[in-house]
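S.K.: Sharing a structure below in structure tokens format, with a few things to ask.
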Amino acid sequence: MHGAVSTLPFGGVGESGTGAYHGRASFDCFTHRRTVVATPNWMDRLLRVRYAPYSQAHLKQFLWMNSRKPDFDRNGKQITGLGYWMWMVFGLGGPSAKGALVRWLTVLAAGYAYATQSHYLTKFLS
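FYI, numbering that gives the first Met the number 0 numbers position 103 of the sequence shown as 102, with every residue one higher than the one before it.
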């Protein structure tokens, strides 16, 4: 019955079906699949810190890349203490001080634009 369906992975070379080590099914059987990452060439400059020889600049870059502490404990629960809520309110949820500054400047610019627009709008309508 297996000979009637040509797509079944049976047999190999020749009419008799012997020599199954030459077919596609045997190739799949003897091949160990694994994940391979193809990193673009421009990314190697960013990830240079992974390879020896190391220098002070590479150590500095490594420490900078790994300086942020995670916001979760060993059980995976998010840490939400007073400092967390202070940062959420005053930092506007930004990931860093630079991000918080950009968000504050955006809020202030939007507030200024709204205030001047409403002033001109009331002046125009009256």
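Using N, Cα and C, we set each Cβ at its ideal position, and we do this for glycine too. Just so we're clear, the structure is a prediction, and the values are computed from it rather than from any experiment.
I need the straight-line Cα distance from ARG102 to TYR83, nearest angstrom please.
M.R.: If you number the sequence shown from 1, residue 102 lands on position 103. If you number the sequence shown from 1, residue 83 lands on position 84. Going by the C-alpha atoms only, they are around 17 Å apart.
S.K.: In the DSSP assignment, the alpha helix (DSSP H) including VAL48 goes from what residue to what residue?
M.R.: Within the sequence shown, the letter at position 49 stands for residue 48. Neither: VAL48 is in no alpha helix (DSSP H) and is coded neither H nor E.
S.K.: Taking only the alpha-carbon atoms, compute the straight-line gap between ARG23 and PHE29 and give it to the nearest angstrom.
M.R.: Position 24 of the sequence shown holds residue 23. Position 30 of the sequence shown holds residue 29. Going from the Cα of ARG23 to the Cα of PHE29 covers about 10 Å.
S.K.: For the alpha helix (DSSP H) containing PHE61, name the first residue and the last one.
M.R.: Position 62 of the sequence shown holds residue 61. Run containing PHE61: 55 to 64, per the alpha helix (DSSP H) assignment.
S.K.: Within its chain, find whatever has a CB closer than 6 Å to the CB of LEU100; leave out the 5 residues flanking it on each side and keep chain order.
M.R.: Residue numbering aside, residue 100 sits at position 101 when the sequence shown is read from its first letter. Excluding residues within five positions, none has a Cβ falling inside 6 Å.
S.K.: Identify, in the order they occur along the chain, each residue of the same chain with its Cβ nearer than 8 Å to the Cβ of LEU46, setting aside the five sequence neighbours on each side.
M.R.: In the sequence shown, residue 46 corresponds to position 47, counting from 1. Contacts found: THR38.
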